[in-house]
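Residue numbers 1 to 270, in UniProt numbering, belong to the letters of the sequence shown in order. Backbone N, C-alpha and C define an ideal beta-carbon position, used for all residues, glycine too. What you are looking at is a predicted structure, and each value in this text was computed from that prediction instead of being measured.
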Amino acid sequence: MRVEGRFSELKGLTSADWARGEKRNRRQQKRSPPMPRGLIQKLFDSCREVFSDAATGVVPSPDGVARVKSVLDLMRPEDVGLTQKMPYFRNIGNPGRPPVTYLHIYESDRFSMGIFCLPPSAVIPLHNHPGMTVFSKLLSGSMHIKSYDWVDHGSTPRAPPGVRLAKVQTDATFTAPCETSILFPTTGGNLHCFTAVTACAVLDVLGPPYDDDEGRHCTYYNAFPFSDFSDDSVAGQPEEEGLAWLEETEKPEEFSVVGAKYMGPRMVQR
């Protein structure tokens, strides 16, 4: 209970005065508006409604996309209980690529929410999001993002099996606070790679989430310069710039993700 005033102003009150004051305080508390919901609760509520009909390849309405983005744009590390002092952001005793920590917040068959915490130089390698809409909000630090979309190029005689043509959509470094990035099933950079320039954290919302049984399997890729497998129909044309060949590959051995418990504010799943 919050007590207003200095002790010197209160010590002369009688028991009846104190009882009347307590009764008045209770009446005021009942009339007071409810405390504002935390942003993580607002994000959960928005996602539950926006992704209520989520399915492979189904994109939420423009209003729904804007609603989720507007909440994520406001979020800061403190809204999910993160500080740079946490061990997830330090590279201790790892001579190679440091592991990435994933804080699981929520997952259903419609959407998932979680936070990737990356020490400096950590990498989430190039991977896809088949049939999914993904929101990525950089909460802290600086991160380089490189993303691609597939290009429908028809036959590519020189390209070996498993290699497809893609076009770069993003190749830049972002520093928090910044706007939320959004990728769609076929546009916006559906394939992307994260590299931590400094210790950083990114909150991901996926709708729907990965599900092997539903054909939403995470696939990793190696990228090759366009000139490696170019053919005469495209080589030398102006649109050649920004093109690359992506080859399916196994999950890189140096990529390690460690799960940790999310300790931030909880959501009420009402």
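The Cβ neighbour count for A55, taken over all protein chains shown within 10 Å, is under 16; the residue is labelled exposed. Its chain contains Y220 as the residues whose beta carbon lies nearer than 7 Å to that of K251, once the 5 sequence neighbours on both sides are disregarded; these appear in chain order. Remark: three or more beta-carbon pairs, one from each stretch, lie closer than 8 Å, so the stretch 191-209 and the stretch 67-78 are flagged as touching. Under the criterion of beta carbons closer than 8 Å, R67 and V50 qualify as touching, at roughly 6 Å. In this structure, the straight-line span from the alpha carbon of S136 to that of G162 is close to 28 Å.
If you draw a straight line from the Cα of H217 to the Cα of P130, it comes to about 7 Å. The beta carbon of P185 lies closer than 6 Å to those of G57, G131 in the same chain, with the five residues before and after it left out. Put simply, the stretch 165-183 does not touch the stretch 81-95. Fewer than three CB pairs are less than 8 Å apart. In this structure, F89 lies away from C47, with their beta-carbon atoms at least 8 Å apart.
Residues of the same chain with a CB within less than 6 Å of the CB of F224, apart from the 5 flanking positions on each side, are W245 in chain order. Within the stretch 49-97, the runs of alpha helix (DSSP H) that reach at least 4 residues and sit entirely inside it are, in chain order, 62-74. In its chain, beyond the 5 residues on either side, L183, L206 have a beta carbon closer than 6 Å to the beta carbon of V134. Excluding five sequence positions before and after Y102, the CB atoms of its chain that fall closer than 8 Å to its own CB belong to G114, I115, F116, C117, V257, V258, G259, A260, given in chain order. Residue pairing by DSSP places R216 opposite D211 in a beta bridge. For D149, the uninterrupted beta strand (DSSP E) run begins and ends at 142-150, by DSSP.
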